[in-house]
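Scroll down for the structure; my scribbles are underneath it.
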Amino acid sequence: MGSIFSKAYDRVMKPVEQRRFGKIRKQLVSNQQGTILEIGSGTGANFSYYKNAEKVIAIEPDKSMRELSEKKRSEAAISIELIDATAERLPFEDNTFDVVVGTLVLCSVTDLDQALQEIKRVAKYEAPVLFLEHVRLDQPLVGKLQDVVTPIWKRMCDGCHLNRNTLESIKQNGFRVEQVDEHFKGLFLEIRARNEK
Ligand SMILES: C[S@@+](CC[C@H](N)C(=O)[O-])C[C@H]1O[C@@H](n2cnc3c(N)ncnc32)[C@H](O)[C@@H]1O
Numbered sequence: 001m002g003s004i005f006s007k008a009y010d011r012v013m014k015p016v017e018q019r020r021f022g023k024i025r026k027q028l029v030s031n032q033q034g035t036i037l038e039i040g041s042g043t044g045a046n047f048s049y050y051k052n053a054e055k056v057i058a059i060e061p062d063k064s065m066r067e068l069s070e071k072k073r074s075e076a077a078i079s080i081e082l083i084d085a086t087a088e089r090l091p092f093e094d095n096t097f098d099v100v101v102g103t104l105v106l107c108s109v110t111d112l113d114q115a116l117q118e119i120k121r122v123a124k125y126e127a128p129v130l131f132l133e134h135v136r137l138d139q140p141l142v143g144k145l146q147d148v149v150t151p152i153w154k155r156m157c158d159g160c161h162l163n164r165n166t167l168e169s170i171k172q173n174g175f176r177v178e179q180v181d182e183h184f185k186g187l188f189l190e191i192r193a194r195n196e197k
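Going by UniProt numbering, the sequence shown runs without a break in its numbering and finishes at 197.
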């Protein structure tokens, strides 16, 4: 992500974080235990919500995002290790993690299937795999608009796709989806799945 966008990220997101996302992040991660992998941790928006984990390992490929997350990382209640890596090539052994978390990130990975297969590989059997993602709406007009806007949006927001069928991809890649909560009329989905090997 370009450094202009990364520097603006927290400021742009602040209103929605305060009204909605902060609460969702908290309910998604605060009770999770064991060793947690967070994919594409960005400016560290989830870091303050980890309360019961033994340890969090966060991967983030963008240097400027990693630097911006440093304060939140050092102030977190639990130990967070931050690593330069991409979701498509995770530098971890098979069956390493008790939980995997990804928020607003599957829209941006270059190869969604490869990223999900890597998550599958490094997560333990039956590990919770938790996402907050925006998705393509199943409404002809809005969905079409998301398709039309995506090429420009991708350039502005460093690879973010507005029109991914992320829930379907999660299912197709062999995760068992247990719960889906819709936010903003289904534009954002809070997805709780489990890793089936
Ligand atoms: C919209 S930001 C979301 C950041 C954070 N997860 C959040 O909830 O605020 C998307 C993040 O995904 C990261 N990203 C992009 N491509 C990635 C990839 N292939 N693997 C892992 N992270 C990636 C970006 O660098 C950026 O930090």
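Glycine residues also receive a C-beta, built at the ideal position from the N, C-alpha and C atoms. Since this is a predicted model, take the numbers as computed values, not measurements.
The Cβ atoms of K51 and S69 do not sit closer than 8 Å to each other. In terms of side-chain proximity, the C-beta atom of N46 is found nearer than 7 Å to a non-hydrogen atom of ligand 1. Non-local beta-carbon contacts of Q179 in its own chain, meaning distances under 6 Å to residues more than five positions away in sequence, involve R192 in chain order. The criterion of a C-beta distance shorter than 8 Å is satisfied by E54 and G34.
Of the residues F5, L37, P15, Y9, the one whose Cα lies closest to the Cα of V122 is L37. Look at L37 here: in three-state DSSP terms it is strand. Within 10 angstroms of the beta-carbon of Y125 lie fewer than 16 other beta-carbons, which makes it exposed.
In this model, K120 and K197 are separated by some 7 Å (Cα to Cα). Burial is judged here by how many other beta carbons sit within 10 angstroms of a residue's own beta carbon; N195 has at least 16 and is buried. In terms of Cα proximity to G174, the closest of A58, A115, R19, A77 is A115. In this structure, the alpha-carbon of L187 lies about 29 Å from that of E67. The beta carbon of H161 lies closer than 6 Å to those of C107, T150 in the same chain, with the five residues before and after it left out. At the C-beta level, K171 and V177 come within 8 Å of one another.
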